[in-house]
Amino acid sequence: MQLFTARTLCFQTEITPLALVRPRRTPKPTDLWSVPFSYTFGTLKSSDGQVVREFWLKNRSVSFVDVELSPSQPLLANPSWTYPYRVNYDTTNWKMIARLLHQNHEEIPARSRMQILIDAETFLAHSNLPQLYVYILGYLAQEQDLGVSLLGMDAIHRLFDSFRGIDLPELQLYLAPVVAQLDKLLDDSQTNTELAALWLIDPIRLSKLYHLRCMTNRPTCDHKNQARRWMLFPNSMRDDVHKQVTAVCHFFFTHNTTKEVCYLTQLKTRGNQWSTAVQLAACSHGDRVVKLAAKQIVATKNAAIFASTLQSDFSLHYNAKFRRALWTQIGKMTAEERNLLFSVD
Numbered sequence: 069m070q071l072f073t074a075r076t077l078c079f080q081t082e083i084t085p086l087a088l089v090r091p092r093r094t095p096k097p098t099d100l101w102s103v104p105f106s107y108t109f110g111t112l113k114s115s116d117g118q119v120v121r122e123f124w125l126k127n128r129s130v131s132f133v134d135v136e137l138s139p140s141q142p143l144l145a146n147p148s149w150t151y152p153y154r155v156n157y158d159t160t161n162w163k164m165i166a167r168l169l170h171q172n173h174e175e176i177p178a179r180s181r182m183q184i185l186i187d188a189e190t191f192l193a194h195s196n197l198p199q200l201y202v203y204i205l206g207y208l209a210q211e212q213d214l215g216v217s218l219l220g221m222d223a224i225h226r227l228f229d230s231f232r233g234i235d236l237p238e239l240q241l242y243l244a245p246v247v248a249q250l251d252k253l254l255d256d257s258q259t260n261t262e263l264a265a266l267w268l269i270d271p272i273r274l275s276k277l278y279h280l281r282c283m284t285n286r287p288t289c290d291h292k293n294q295a296r297r298w299m300l301f302p303n304s305m306r307d308d309v310h311k312q313v314t315a316v317c318h319f320f321f322t323h324n325t326t327k328e329v330c331y332l333t334q335l336k337t338r339g340n341q342w343s344t345a346v347q348l349a350a351c352s353h354g355d356r357v358v359k360l361a362a363k364q365i366v367a368t369k370n371a372a373i374f375a376s377t378l379q380s381d382f383s384l385h386y387n388a389k390f391r392r393a394l395w396t397q398i399g400k401m402t403a404e405e406r407n408l409l410f411s412v413d
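According to my numbering, the sequence shown is numbered sequentially starting from 69.
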């Protein structure tokens with residue numbers, strides 16, 4: 069469902085039934101959908117109080133005027149995410165909702181904040197106002213509800229992932245306070261079993277936080293210390309393996325080093341460390357390292373390993389130098405070898 073708010077409210081519904089098999093006939097013009105709808109505006113603390121409207125939409129389009137709705141008041145549709153549909157607003161209402169989130173997000177119910185994050189990604193992220201979507205995500209630096217924050221963390225991770233290969237320091241700087249708040253919520257949840265379990269429902273949720281820590285240069289990434297420890301004791305993973313390898317990968321991507329890069333090339337003979345070493349080599353900018361890594365990857369003739377290194381589980385970075393080296397090595401394969409690896413037949 070899409071809701072466009074001016075002072076005249078217009079509702080347009082698009083409903084696709086999943087389990088309903090309709091007869092093979094032309095629907096009558098009188099066929100209608102009944103959709104439960106509600107919206108609210110105002111606050112309980114204001115002199116005018118909070119207004120809640122609930123009714124059934126009986127047609128595919130309907131327009132009316134709510135005379136009590138002030139032009140300066142944001143309208144919130146489907147409060148508390150009561151019904152399972154998405155809601156879009158006009159630009160003015162989106163801006164007012166975004167401003168309210170930053171000024172006093174607790175005036176909006178937690179489940180409504182969840183829906184706003186999902187609907188904003190759906191309708192704003194790829195619109196002509198992506199900056200408004202990013203602005204909405206910024207309020208998460210104040211969010212205390214772990215459920216809402218985790219939903220926001222997933223959205224931020226997808227946002228950074230969609231911009232791989234593009235240097236956007238302003239975006240990283242703007243969202244760094246959000247990642248700092250996620251770190252705090254993670255620490256606070258360790259004393260509550262139920263909250264701690266929320267981090268584990270999604271098996272890659274913590275990995276996403278590790279990525280975001282390093283992407284926004286948070287101290288909790290700890291990439292220098294993690295890299296130093298790994299260089300000294302590559303077979304000793306005393307910390308969370310994914311946390312450590314993510315930090316080491318970030319270190320190699322952001323530092324033009326010599327000692328560490330040379331040490332990576334020595335790992336080609338370490339059997340049980342080969343996979344990790346190759347993944348880390350793919351994070352490096354050293355010519356000798358990326359060429360060696362690409363050569364070893366192609367030598368496996370294993371398409372799964374090719375995909376694993378291109379879609380790194382340890383980083384949101386895009387290493388153009390490594391990709392060029394890999395495609396160069398793939399280009400050296402015979403036509404028969406390429407057909408065997410990449411054929412869809």
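Glycine included, every Cβ here is placed at the ideal spot set by N, Cα and C.
Here the structure is a predicted model, which means the values were calculated and not measured.
- In summary, Asn156 is buried, with 16 or more beta-carbon neighbours lying within 10 Å of its beta-carbon over all protein chains present.
- Nearest Cα to Leu197 within the set Ile186, Ser102 and Thr159: Thr159.
- About 6 Å separates the Cβ atoms of Leu144 and Ser180, confirming a contact at the 8 Å cut-off.
- Secondary structure at Ser102: coil, using DSSP grouped into helix, strand and coil.
- Three or more Cβ pairs closer than 8 Å define a contact, and the stretch 339-357 falls short of that threshold against the stretch 258-278.
- DSSP places Phe301 outside both helix and strand once states are collapsed to three, so it counts as coil.
- Per DSSP, Leu253 lies in no beta strand (DSSP E) segment; the continuous alpha helix (DSSP H) that holds it begins and ends at Pro237 to Ser257.
- Gly220 sits close to Leu185, with the two beta carbons spaced by under 8 Å.
- Judged by DSSP secondary structure, Trp267 falls within the alpha helix (DSSP H) whose first and last residues are Thr261 to Ile269.
- Rounded to the nearest angstrom, the Cβ distance from Leu394 to Ala362 is 4 Å, consistent with a contact under 8 Å.
- In this chain, the alpha helix (DSSP H) harbouring Phe410 covers Ala403 to Phe410.
- Here the alpha carbons of Asp381 and Lys292 stand approximately 20 Å from one another.
- The beta carbon of Ala188 sits closer than 7 Å to the beta carbons of Tyr201 and Ile204 from its chain, once the five residues preceding and following it are set aside; these are given in chain order.
- Following the DSSP letters along the chain, one finds Trp124 inside the beta strand (DSSP E) bounded by residues Gln118 to Leu125.
- Excluding sequence positions up to five before and after Ile165, its CB lies within less than 6 Å of the CB of Pro142, all in the same chain and listed in chain order.
- According to DSSP, residue pairing for Tyr107 in a beta bridge involves Arg121 and Ala145.
- In terms of Cβ geometry, Leu254 and Trp267 form a close pair [threshold 8 Å].
- By the Cβ rule, the stretch 391-406 does not count as touching the stretch 282-298, because fewer than three pairs are nearer than 8 Å.
- Short of 8 Å from the beta carbon of Gln210, and not among the five residues preceding or following it, lie these beta carbons of its own chain, in chain order: His170, His173 and Gln249.
- Our two residues, Phe123 and Phe191, have alpha carbons roughly 24 Å apart in a direct line.
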